[in-house]
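Residue numbers (my numbering), protein chains in the order written: chain A, 146 to 508; chain B, 10 to 326.
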Amino acid sequence: MRMIRPPKRVIVESSVAQGQLVALLRKNLPGATFEIVDEICENRLHDPDILEVADFKGKFLKSCPGTRHYHCCGYMILNFGTQCTLGCSYCILQNYLNQPNLRLFGNLDNMFSELSDVLTQNHARLHRIGTGEFTDSLLLDPFTELSRLLVPYFASAPNAVLELKTKTDFVENLLELDHKGHTVVAWSLNSAEIRRSEEPFTASIEKRLDAARLCAEKGYFLAFHFDPIIDYPGWKSGYAKTLEQLFSKVDPSRIVWISLGALRFMPELKDTLRSRHALSRIAFGEFIRGLDGKMRYFRDIRSELFSFMVERIRQADPDLCVYLCMESDDIWKESLGFSPEERGGLGRMLDCALEERMNVRPF
Amino acid sequence: MDARFVSFAEIDLDDPTFEIKRFADSPRLPESIGRFGILDPPWLRRAGPKHIVVDGFKRLHQAKENGMQGALCGVFPEDCDARELWIRRIEKKIFEREINLAEKAQIISVLLGLFQPGGIPSFLLAGIDIPNRPEVLRNWALLAASGPEVLEILASGDVAERAALEIAGWDKPGMDSVLALIRVLRCSASIQVEIVERVHEIGVREGKMRAGVLDHPRIRGILNSEKLNRRQKTQAVREYLFELRHPRLDSRQKRFQHRIEALKLPPWLKIVPPPAFEGGKWRMELTFTGIENLREIVDSARPFVDSDRLGEVLKPT
Numbered sequence: 146m147r148m149i150r151p152p153k154r155v156i157v158e159s160s161v162a163q164g165q166l167v168a169l170l171r172k173n174l175p176g177a178t179f180e181i182v183d184e185i186c187e188n189r190l191h192d193p194d195i196l197e198v199a200d201f202k203g204k205f206l207k208s209c210p211g212t213r214h215y216h217c218c219g220y221m222i223l224n225f226g227t228q229c230t231l232g233c234s235y236c237i238l239q240n241y242l243n244q245p246n247l248r249l250f251g252n253l254d255n256m257f258s259e260l261s262d263v264l265t266q267n268h269a270r271l272h273r274i275g276t277g278e279f280t281d282s283l284l285l286d287p288f289t290e291l292s293r294l295l296v297p298y299f300a301s302a303p304n305a306v307l308e309l310k311t312k313t314d315f316v317e318n319l320l321e322l323d324h325k326g327h328t329v330v331a332w333s334l335n336s337a338e339i340r341r342s343e344e345p346f347t348a349s350i351e352k353r354l355d356a357a358r359l360c361a362e363k364g365y366f367l368a369f370h371f372d373p374i375i376d377y378p379g380w381k382s383g384y385a386k387t388l389e390q391l392f393s394k395v396d397p398s399r400i401v402w403i404s405l406g407a408l409r410f411m412p413e414l415k416d417t418l419r420s421r422h423a424l425s426r427i428a429f430g431e432f433i434r435g436l437d438g439k440m441r442y443f444r445d446i447r448s449e450l451f452s453f454m455v456e457r458i459r460q461a462d463p464d465l466c467v468y469l470c471m472e473s474d475d476i477w478k479e480s481l482g483f484s485p486e487e488r489g490g491l492g493r494m495l496d497c498a499l500e501e502r503m504n505v506r507p508f
Numbered sequence: 010m011d012a013r014f015v016s017f018a019e020i021d022l023d024d025p026t027f028e029i030k031r032f033a034d035s036p037r038l039p040e041s042i043g044r045f046g047i048l049d050p051p052w053l054r055r056a057g058p059k060h061i062v063v064d065g066f067k068r069l070h071q072a073k074e075n076g077m078q079g080a081l082c083g084v085f086p087e088d089c090d091a092r093e094l095w096i097r098r099i100e101k102k103i104f105e106r107e108i109n110l111a112e113k114a115q116i117i118s119v120l121l122g123l124f125q126p127g128g129i130p131s132f133l134l135a136g137i138d139i140p141n142r143p144e145v146l147r148n149w150a151l152l153a154a155s156g157p158e159v160l161e162i163l164a165s166g167d168v169a170e171r172a173a174l175e176i177a178g179w180d181k182p183g184m185d186s187v188l189a190l191i192r193v194l195r196c197s198a199s200i201q202v203e204i205v206e207r208v209h210e211i212g213v214r215e216g217k218m219r220a221g222v223l224d225h226p227r228i229r230g231i232l233n234s235e236k237l238n239r240r241q242k243t244q245a246v247r248e249y250l251f252e253l254r255h256p257r258l259d260s261r262q263k264r265f266q267h268r269i270e271a272l273k274l275p276p277w278l279k280i281v282p283p284p285a286f287e288g289g290k291w292r293m294e295l296t297f298t299g300i301e302n303l304r305e306i307v308d309s310a311r312p313f314v315d316s317d318r319l320g321e322v323l324k325p326t
């Protein structure tokens, strides 16, 4: 993947104009104009050339927005920015946010201070913290170098692990960092066909896996998220091929977990798909309305998708932690043969995976 | 605008410049014109030596047919602003009475020709209850361009507005076949939309023309059936489309139904799966007439609950 087109205009709120993030952006975006404003106006029109740097007033750390009906991983989201320009057809960010432009939060001091407070207050707990929920973790890293701040921070946090989740291959900044085994670099994966049709601006599967191998060579542990898995004619061979590529490029013992999630979306996304991605066929699968109000594949289809993936992954490494994202007990049992409760809950399962593979445990 | 008597010799009744067709009969018009003449003056616009009709096409035609020589009309000068005239013409139309879908479509088509995107006066759109969103306006314009047969069906009131907008832009065979189906079924707006969406989604998923989805012996059999009434036909069409749209869920439902039937449950006991078999919450419904009866049926239900037969029904595949 070539680097994304650098933003041409950076609009900065004056209260964060002297901060570290803006200084890094000024260094890495020499061709951009920087405009300082009191407050960034809410704008409903998307402009890919604009990057906004705001003074974020809310909480940087949030719990993963799971629902009570399905098992959630208990992950914490470190929210350093919003939006993404990778343009995946199924992406919930198209409907989630009323801020259409890429936005970063410039008050990094507040972010790290909040992070320190949470980690200190809950020091007996192992914190799994990720940045890839409201934006891609590494999309803007070539310009922000945020990873150079985050990875060392977590390297010195004994009770926390950072998961950077991406569909890019922008790992250059990571390679020379002393991560001390407290950062997991994770990729969303899909079949090559779905990557081409639904994720056209992301790095190819091969490039993502090449980047993963580079990270593994630098001692990082890895994670992979097959999410969204999409039911289409030929899905079995498509996903089998990606799994083959994965295990041929990456030593399974470096993988701390693999998550599986079938396509699910708020009903409104259907209109977005129709207007923005007219050629996409993914909304025409056999969906039902789930208990959380989202559209999801009929359970038998999900169960078949997951069972197939689990079987292939176990062939490569029977001990690798595989989990389902936002699924109910019955689907867990059919696909994996057990429910999270039998192993102390999904959160506990993932903590155990960190302990076993990465030797990270709380005090 | 001047008000004066204009003879038919001075009116070009066939000039369609300002025509918004109703595409529906006005059965009382001949009698009313015959009895009272034209009560409300039609509008004309001067065009060289003659006049063209702005409003009142049907009334003027009927009056001429009734042998009248002309009518008292409101006459706009030739150099009047055409856009202003259209706005008045549309305002008059939507102010006087409820307009049908064919008229709405034509009005939007005219307005899109008169104004830049986003520039259509909001009072006109509000008057016909249409949101000022480009995709909505585009769909109305597509309906306006879909030909007189389609507009006639829209004017008939047989097709719900939401369903009509869903099919705007469809290929002609697809549009014709779904409209024909809806006219036979005469079902509610929400069911029309469901049918239209299903036909579209099945077509897209299976790479079929939409007309091809409906061109099936089973659909023909349902529509031609003399045994089924309109409601039963609607239900049968919905079931057919559900099978095509949700083949695996449909097959699971049928499997469940077979298993339940094989159990030969007593009539007072019913097992209800979760909607779409999603989640683990199954229901058992007991119908009873009093506390004694409830005790009896709970006792007689227990062996069934304890047996493996229930597991057979609940098993996932």
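The beta carbon of each residue, even a glycine, is placed where N, CA and C say it ideally should be. If you're wondering where the values come from, they're calculated on a predicted model, not measured in any experiment.
For chain B, none of the residues of the stretch 455-466 of chain A brings a beta carbon within less than 7 angstroms of one of its beta carbons. Glu210, Val213, Arg214: these are the residues of the stretch 209-224 of chain B whose beta carbon lies less than 7 angstroms from some beta carbon of chain A, given in chain order. At a cut-off of 7 angstroms between beta-carbon atoms, B:Phe286 makes contact with chain A. At a beta-carbon threshold of 7 angstroms, the residues of chain B lying near A:Gly435 are Glu287, ordered along the chain. Among the residues of the stretch 396-430 of chain A, those with a Cβ less than 7 angstroms away from any Cβ of chain B are Ser420, Arg426, Phe429, in the order of the chain. With its beta carbon at least 7 angstroms from every one in chain B, A:Asp192 lies outside the interface.
When beta bridges are read from the DSSP output, B:Gly83 appears opposite B:Ala12, B:Trp52. Taking A:Glu184 as the centre and dropping the five residues before and after it, the same chain places the C-beta of Glu158 closer than 8 angstroms to its C-beta, in chain order. The beta carbons of A:Arg248 and A:Ala199 sit closer together than 7 angstroms. If you draw a straight line from the Cα of B:Asn238 to the Cα of B:Leu258, it comes to about 27 angstroms. Taking 7 angstroms as the cut-off, the beta carbon of A:Phe299 is found closer than this to the beta carbon of A:Leu307. For the stretch 201-217 of chain A, the beta-carbon criterion of a distance under 8 angstroms to any beta-carbon of chain B is satisfied by His214. Using a Cβ-Cβ cut-off of 7 angstroms, B:His255 counts as an interface residue toward chain A, since at least one Cβ of chain A sits closer than that to its own.
For B:Arg227, the three-state secondary structure derived from DSSP is helix.
When DSSP reads this structure, B:Glu175 sits in no beta bridge, so it has no partner.
Close partners of B:Arg97 in chain A (Cβ separation under 9 angstroms) are lacking, with about 34 angstroms as the shortest Cβ gap.
Scanning its chain for C-beta atoms nearer than 7 angstroms, with the 5 sequence neighbours on each side dropped, one finds around B:Phe66 the residues Glu28, in chain order.
B:Ser197 sits in coil when the DSSP states are folded into three classes, being neither helix nor strand. In summary, A:Thr313 is buried, with 16 or more beta-carbon neighbours lying within 10 Å of its beta-carbon over all protein chains present. Neighbours of B:Glu203 in chain A, taken as residues whose beta carbon is under 7 angstroms from its own, are absent, since the nearest beta carbon is some 14 angstroms off.
Of the candidates B:Ala177, B:Leu151, B:Ser197, B:Ser155, the residue whose Cα lies closest to the Cα of B:Gly166 is B:Ser197. In the DSSP assignment, the residues bridged to A:Phe371 are A:Leu334, A:Leu405.
For B:Leu258, the nearest beta carbon of chain A is closer than 7 angstroms to its own beta carbon. Taking the beta carbon of B:Arg261 as reference, the chain A residues within 9 angstroms of it are Phe443, Arg444, Asp445, listed in sequence order. For the set B:Phe265, B:Gln71, B:Ile300, B:Arg304, the Cα lying nearest the Cα of B:Phe286 is the one of B:Phe265.
Here the alpha carbon of A:Ile446 sits roughly 19 angstroms from the alpha carbon of B:Leu250. DSSP places B:Phe286 in no alpha helix (DSSP H); its state is neither H nor E. Cβ neighbours of A:Ser484 within its own chain (closer than 7 angstroms, five residues either side excluded): Asp474, Trp477, Lys478. A:Ser333 counts as buried, since no fewer than 16 other beta carbons sit within 10 angstroms of its beta carbon.
A:Ala199 has A:Phe250 as its beta-bridge partners, per DSSP. Residues of the same chain with a CB within less than 8 angstroms of the CB of B:Val145, apart from the 5 flanking positions on each side, are Ile139, Leu174 in chain order.
Only exposed fits A:Cys186, as fewer than 16 other CB atoms lie within 10 angstroms of its CB. Distance from the Cα of A:Glu449 is smallest, within the candidate group A:Glu321, A:Ser336, A:Ile375, for A:Ile375. The alpha-carbon of A:Ala177 is positioned some 4 angstroms away from that of A:Lys153. A:Ala423 is classed as exposed because its beta carbon has fewer than 16 other beta carbons within 10 Å across all chains shown.
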